[in-house]
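Top to bottom, those sequences are chains H and V. FYI, the numbering for the first sequence is 1 to 118, going by the numbering used here. FYI, the numbering for the second sequence is 1 to 458, going by the numbering used here.
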Amino acid sequence: MNQNTEQVSLMGQSEVQMRKGLLVYCVLLLCKDGKVYSSDIIKQLRAAELIVVEGTLYPLLSRLSRDKIVEYEWQESEQGPPRKYYWLTTNGQSLLATLQHTYHRLHTSVKQLEKGQV
Amino acid sequence: MNEITQVNLGRQAFTIAIDAQKLLRDYLNAVKKHSGGSEEVVEEVENRMAELLIERGVSGSKVVLVKDVEYLRTQLGEPGDFDDDSEDAASVEDDSSVRKLFRDTDNAMIAGVAAGLANYLSVDTVIVRLIFIALTFFGGSGILLYIILWLLVPEAKTNSQRLQMRGLAVNVDNIKEALAGADVSGATRRVSSVVGKVITSIAGVTLRITGLLFVIVGVTMVIGGAVLTIYGLVRGAGVAGIPIFPVGKEEVMVLVCGFIILALISSLLAMTGIALVRRKLSVPGWAIAAVIGVFIVAASVGVGLGFDVAPSIKARYDGLHHTRAYSVQPISRVHILGNNASYVIARGDTPQVRVNTLGGTDAQAIKVTEQNGVLTIDTADFRAPTNCSFVCPYGAMAAEIVVYAPNLDAITVDAPRDTALGLSNNGVGYEITDAAGGATSVATPVPPTPPIPASEPR
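Pasting the structure below:
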């Protein structure tokens, strides 16, 4: 892979990376108020047009629980499959605080840059 | 017809068609592979599938069919969507990530050529548009270049083409991102500022008006060109019965080629106009290719033959003119009799009369006499064919008489009708008396010394 191709790939990736980085923050936001059913997380993300297919979310949730950012428990459902409920661990809450801070700082910086350019 | 079996998803039993079950199994295996063999993910996916199927009403006695599995697939995403993020960089090492040039009709002002080029060159679209506008001032090459690119560069129609246009690898992740991105940009466009809308609508109106002008000019050029060509073929360009062009088959060919070139350029102009008005190119590619092909043939034949025949046409035109010069004594007045020629009175240090006639006409009949400082030019007996088409020197007259004189007191005209009289007097005032009509008309004001009219009005 020569340098030129690398640059092209990087440019394409930047948008994807941006969305993926934000997705973690958004999932944590949805989990912050207690136990949330995974399908509800999906529904809300979808409504907000943050995801298109659910496939992107499951590996993320799995990694978050592996990294002890979230915890989950199974709950039996009367008319369906068992449900998985997620909530934030203390690690998750501090990560959320950090992400929140970073996001708002970034938002302000980007806004300033955008204004400066216009 | 359909064999069925049982399958367990999220501790729920489903009745499923064999082909659907096979599809489901393959899908789940692929998901497992892509999510790094994570049982946890697969388990959650299975639960979600069960939930989706129940929501869809496919449970109990209902049989899960292929279309249901396909529905699950669209909902959950392709196996590639389950890839762990950290492995993403590797997936772009794909040949398809090489950037390709497409027209970007999503961000188009006209046909998306500028937007597409901007994507390709990774610069702002505004810069590309400004370059096109700037190039337009160099003989319209910007417009020509735009049209050529419009014709040659395909439109990015599919999502994968849109990705290639932006240099992104065509993988499922990117396609989904592109789809999501399209939604976001649509939303951004909707909430764009009022100023932006005003500018866009002004640009739109301008484009439409320009398009309409293109159509009108193009159609006018085709019709005008056809009329001129037919006239040229039937009568030809010539004067006083002498043909100048076209003479011989070669020159006819040049004329026809000239018309074809004109017609093609005009129709291209009109087509561009229509496309600008409708914001859509309505001409199929093969037609444009044919037009360009015919244009190239006509242009090479026409230009080649044109160079061939140009010298003989020029020789024929130059051969038309015959000049007879008369030296005269100093004169103070010019008296013009008859009106069968065009006259030019010019300031010259030595008095001189030049009679220019077209080839074949007899200039002997034009009498130039000088007596007591009065120059009399009598063309009453001069008769020559004055019919001309396209080539009409001497103001459509058969002769031109140029009088050079240092100064003149007056010019009198004694002619039955208006005489073509060109004056090049360098500030010297001449007065013209129309003896026949009895009216005196002043050609130019005459300070400081008023001239004396040669003859009094009757």
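For glycine and all other residues, C-beta sits at the position ideal for the given N, C-alpha and C. All values reported here derive from a predicted model rather than from experimental measurement.
Where residue i falls: helix, strand or coil (DSSP)
i	result
residue 6 (chain V)	strand
residue 153 (chain V)	coil
residue 26 (chain V)	helix
residue 86 (chain V)	Legend: pLDDT at residue 86 (chain V) = 48, less than 50; position of this residue unreliable, value from coordinates given subsequently. Three-state DSSP puts residue 86 (chain V) in a helix.
residue 370 (chain V)	strand
residue 327 (chain V)	strand
residue 468 (chain V)	In the structure displayed, chain V extends from 1 to 458; residue 468 (chain V) sits before or after that span and is not available.
residue 14 (chain V)	strand
residue 243 (chain V)	strand
residue 19 (chain V)	helix
residue 26 (chain H)	helix
residue 38 (chain V)	coil
residue 132 (chain V)	helix
residue 137 (chain V)	coil
residue 58 (chain V)	coil
residue 380 (chain V)	coil
residue 21 (chain H)	helix
residue 414 (chain V)	strand
residue 462 (chain V)	Any question about residue 462 (chain V) goes unanswered here, given that chain V covers just 1 to 458.
residue 122 (chain V)	coil
residue 166 (chain V)	coil
residue 396 (chain V)	helix
residue 390 (chain V)	strand
residue 238 (chain V)	strand
residue 408 (chain V)	coil
residue 48 (chain V)	helix
residue 103 (chain V)	strand
residue 13 (chain H)	helix
residue 117 (chain V)	helix
Per-residue burial, residue i [other beta carbons within 10 Å of its own, 16 or more giving buried]
i	result
residue 49 (chain V)	buried
residue 318 (chain V)	exposed
residue 82 (chain V)	buried
residue 165 (chain V)	buried
residue 102 (chain H)	exposed
residue 383 (chain V)	exposed
residue 6 (chain V)	exposed
residue 103 (chain V)	buried
residue 8 (chain V)	exposed
residue 51 (chain H)	buried
residue 70 (chain V)	exposed
residue 182 (chain V)	Because the pLDDT at residue 182 (chain V) is just 49, under 50, the model does not fix this residue reliably, and the point stays unresolved.
residue 130 (chain V)	exposed
residue 251 (chain V)	buried
residue 218 (chain V)	buried
residue 83 (chain H)	buried
residue 55 (chain H)	buried
residue 18 (chain V)	exposed
residue 278 (chain V)	exposed
residue 51 (chain V)	buried
residue 148 (chain V)	exposed
Rounded Cβ spacing between residue i and residue j (contact assumed at less than 8 Å)
i	j	result
residue 302 (chain V)	residue 258 (chain V)	6 Å
residue 336 (chain V)	residue 220 (chain V)	Not a contact, Cβ separation roughly 41 Å.
residue 290 (chain V)	residue 261 (chain V)	Not a contact, Cβ separation roughly 15 Å.
residue 70 (chain H)	residue 87 (chain H)	7 Å
residue 24 (chain H)	residue 41 (chain H)	Actually they do not touch by this definition, with Cβ atoms about 12 Å apart.
residue 395 (chain V)	residue 342 (chain V)	4 Å
residue 241 (chain V)	residue 385 (chain V)	5 Å
Exercise for review: Go through the segment 48 to 116 of chain H residue by residue and report every complete run of the beta strand (DSSP E) that reaches 3 residues or more, in order.
Suggested key: Segments of the beta strand (DSSP E) lying fully in the segment 48 to 116 of chain H: 70 to 75, 83 to 88.
Check your understanding: Just by C-beta distance, which residues in the segment 32 to 57 of chain H are closer than 7 Å to chain V?
Key -> 38, 39, 49, 52, 53, 54, 55, 56
Practice item. Below 7 Å between beta carbons is the criterion; list the residues of the segment 48 to 68 of chain V that meet it against any residue of chain H, in chain order. Key: 48, 50, 51, 54
**Study point:** Chain-ordered residues of the segment 15 to 45 of chain V with a beta carbon less than 8 Å from chain H
**Key:** When CB distances to chain H are screened at a threshold of 8 Å, the residues of the segment 15 to 45 of chain V falling below it are 31, 35, 36, 38, 40, 41, 44, 45, in chain order.
Point to revise | Positions along the segment 73 to 107 of chain H whose CB lies within less than 8 Å of some CB in chain V | key: Taking 8 Å as the Cβ-Cβ cut-off against chain V, the residues of the segment 73 to 107 of chain H that qualify are 79, 80, 81, 82, 83, 84.
Practice item. With 7 Å as the limit, tell me which residues of the segment 12 to 25 of chain H have their beta carbon closer than that to any beta carbon of chain V; keep them in chain order. Key: 12, 13, 15, 16, 19, 20
Practice item. Write down every uninterrupted run of the beta strand (DSSP E) in the segment 280 to 367 of chain V whose length is 3 residues or greater and which is fully enclosed by it, in chain order. Key: Within the segment 280 to 367 of chain V, the beta strand (DSSP E) runs of at least 3 residues that lie entirely inside it are, in chain order, 321 to 327, 333 to 337, 342 to 347, 352 to 358.
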